[in-house]
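J.:
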Amino acid sequence: MAQEGRARFVVTMPPAPSRIGSVLDATPAARLFAQTETADAFRHLARKAQHRLVVMTPYIDAVGCAWALDMFENAVATERILILQSVDQLSKPGVDEVALRKAATRVLIYGDGDTDETFHSKIVLADGSDAYVGSANLLNRSKGLNLECGLMVEGPVVASISTLVNAVLATFDLDGAIPR
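The opening position of the sequence shown corresponds to residue -19 in the working numbering, with each subsequent residue numbered one higher.
Given below as structure tokens:
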């Protein structure tokens, strides 16, 4: 049986005018459409994290770099971890690797190496008690152009998300794993 918890619907809408915006405007049920903006959800989680903030995203660009820096700079958590899919993400135009490494206590690469194993998950985890799971990468398109959806959850259900993130983090403690 699935663990219980509370969830908020987190959305980034394409800029107006958009096809989805037009349809929602014409839908009576959309008047009851309760959403939290993705950027607001990320900042909320960053501020809520007291001990550890984990940001897990496969992709990052210049806008996403600023987004990640904003989360880390708004976090009082002593542990601030960024997990990316490949080291190439850190050398994209406008990505300030030095600033990311200064703001985060650890920048980890899950996917480079001798294996095809990687991830496509997008998770922001605050202290194992609150989390975002959804489609938004740390990219310009995800912050303001694409329709992105996810859930910000709290309560016992976050234990499953935390278990997964802790397992990902534990892979960096295995022999031969090199944090970057």
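Beta carbons are placed, not taken as given, at the ideal position from N, Cα and C, and that holds for glycine.
Using a threshold of 7 angstroms, state whether the C-beta atoms of Gly108 and Thr98 are closer than that.
T.: No, the Cβ-Cβ distance between Gly108 and Thr98 is not below 7 angstroms.
J.: What number of angstroms, rounded off, separates the C-alpha of Val87 from the C-alpha of Leu131?
T.: For Val87 and Leu131, the distance between alpha carbons rounds to 24 angstroms.
J.: Val43 and Asn117 - do their beta-carbons sit closer together than 7 angstroms?
T.: Not closer than 7 angstroms, so no.
J.: Can you tell me which residues form a DSSP beta bridge with Gly114?
T.: In the DSSP output, where bridge partners are listed per residue, Gly114 has Gly130.
J.: Within 10 angstroms of the Cβ of His24, are there 16 or more other Cβ atoms? Answer buried if so, exposed if not.
T.: Buried.
J.: Restricting to Cα atoms, I'd like to know which of Phe(-11), Ala106, Lys123, Lys102 is closest to Gly114.
T.: Closest by alpha carbon: Lys102.
J.: Measuring straight from C-alpha to C-alpha, what distance separates Gly156 and His100?
T.: Annotation note: pLDDT 48 at Gly156 (below 50); position unreliable, coordinate value reported separately. Taking the straight line from one Cα to the other gives about 23 angstroms.
J.: I need the DSSP call for Ala157, collapsed to helix, strand or coil.
T.: Here Ala157 scores only 47 on pLDDT, less than 50, and its place in the model should not be relied on; the value that follows carries that caveat. In this structure, Ala157 counts as coil in the three-state DSSP scheme.
J.: Assign Val78 to buried or exposed, taking buried as 16 or more other Cβ atoms, counted over all protein chains shown, within 10 Å of its Cβ.
T.: Val78 should be labelled exposed.
J.: If you compare alpha carbons, which of Val34, Glu17, Lys72 is closest to Cys129?
T.: Answer by Cα proximity: Glu17.
J.: With the cut-off set at 7 angstroms, would you say Arg60 and Thr95 are in Cβ contact?
T.: No, the Cβ-Cβ distance between Arg60 and Thr95 is not below 7 angstroms.
J.: Buried or exposed: which applies to Val145, given that a residue is buried once 16 or more other Cβ atoms fall within 10 Å of its Cβ?
T.: Burial call: buried.
J.: Label Thr143 either buried or exposed according to how many other C-beta atoms from any shown protein chain fall within 10 Å of its C-beta, with 16 as the threshold for buried.
T.: That one is exposed.
J.: DSSP state of Leu105, grouped into three classes?
T.: Leu105: strand per DSSP, three-state reduction.
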